[in-house]
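In our numbering, the protein residues as written are 7 to 307.
For each residue, glycine too, the CB sits at the ideal point set by N, CA and C.
Treat the numbers as computed from the prediction; the structure is a model and nothing was measured.
Written out below as structure tokens is the structure these notes cover.
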């Protein structure tokens, strides 16, 4: 088997071979030099629109640059399991400072995916559907947002890049405005990034228990299947009459979507990273075969 080509390594190699700085590459592509730095640190991946431009300026094919691997595309499209070389990798990203508050950028697990981005005409209908989901399910205080455009642009890169993280986690102190940030990211960029369906649920004031139950303080217990039901309704995925089979129904529904359909699920207000890991356990296995993504907000790392 030929050694797998990694884009971040090839980019650094080809750039230095030509004696170019990161600023020079950014100038040729008309992008922010910081974006090139993030590529070389394997924190983000170029959008599909930039693949041909990268190929042009370096005089290399997209395969030679590690932008697309025929081996990866074949195994994913046929539904085969990922090889050990393709298993998720976790990378830590330095945090971003905001006035008097801290907001920690996403941790990312890298999964190879090939994405079909909807046309502008399709986006209008998709954007309308996304806005309906947000209006009906996201409770947001927009007044909390200030000076965060740079961070929103960073997470935008993670949404657009098919080989960036399939899990995006926003975590920081309470009252920072994580929900408002998640809302703005989804409202601005979900459709343009190629997501055709969005689901949004909140676990606010809930504690996620080891058995998969969410405990509402001073109220009744809310099960994960109830969140699954809400997500299924928003994603137009049918569930059976028996609630004991809803998780399986949801999994089957996600896997049965056409290849051009991509889902972005938002689970807001999880309390800890243990809760995030539980969310990944319940939802994550549905997101590896096809290029869906999961966005979570939590207070603790």
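- With respect to the 8 Å criterion, residue 133 and residue 197 are classified as neighbours on the basis of their beta carbons.
- Ranked by Cα distance from residue 39, the first of 29, 13, 143 is 29.
- In the DSSP assignment, the residues bridged to residue 206 are 272.
- Around the CB of residue 131, fewer than 16 other CB atoms lie within 10 Å, so the residue is classed as exposed.
- In this structure, residue 167 places its C-beta atom within 8 Å of the C-beta atom of residue 50.
- Contact check for residue 59 and residue 11: beta-carbon distance about 18 Å, past the 8 Å limit, so the pair fails to qualify.
- Counting along the chain, residue 254 sits inside the alpha helix (DSSP H) bounded by residues 252-261.
- The beta carbon of residue 18 sits closer than 8 Å to the beta carbons of 46 from its chain, once the five residues preceding and following it are set aside; these are given in chain order.
- For residue 164 and residue 247, the gap between their C-alpha atoms comes out near 37 Å.
- Look at residue 66 here: in three-state DSSP terms it is coil, with no helix or strand label.
- With a contact defined as Cβ atoms closer than 8 Å, residue 230 and residue 144 miss out at about 20 Å.
- A distance below 6 Å between beta-carbons, with the five flanking residues on each side excluded, links residue 16 to the following residues of its chain, in chain order: 71, 72.
- Taking 8 Å as the cut-off, the Cβ atoms of residue 192 and residue 300 do not count as close.
- A direct Cα-Cα distance of roughly 12 Å separates residue 232 from residue 245.
- Straight-line measurement puts the Cα of residue 56 at about 8 Å from the Cα of residue 35.
- Taking every protein chain shown into account, the CB of residue 22 has fewer than 16 other CB atoms within 10 angstroms, so this residue is exposed.
- An exposed status is given to residue 24, since fewer than 16 other beta-carbon atoms sit within 10 Å of its beta-carbon.
- Per DSSP, the continuous alpha helix (DSSP H) segment holding residue 15 begins and ends at 13-23.
- In this structure, residue 155 lies away from residue 208, with their beta-carbon atoms at least 8 Å apart.
- For a cut-off of 8 Å, the C-beta gap from residue 234 to residue 253 is around 6 Å, short enough to register as a contact.
- Bounds of any alpha helix (DSSP H) do not take in residue 52, whose DSSP letter is neither H nor E.
- Under DSSP, residue 299 forms a beta bridge with 270.
- Per DSSP, residue 165 is one residue of the alpha helix (DSSP H) stretching across 155-166.
- Comparing alpha carbon positions, the residue from 265, 285, 237, 264 closest to residue 256 is 237.
- One Cα belongs to residue 297, the other to residue 269, and the distance between them is close to 8 Å.
- For residue 184, same chain residues with a beta-carbon under 7 Å away, outside a window of 5 residues either side, are 176, 178, 303 in chain order.
- Taken atom to atom, the span from the alpha-carbon of residue 182 to that of residue 189 is near 13 Å.
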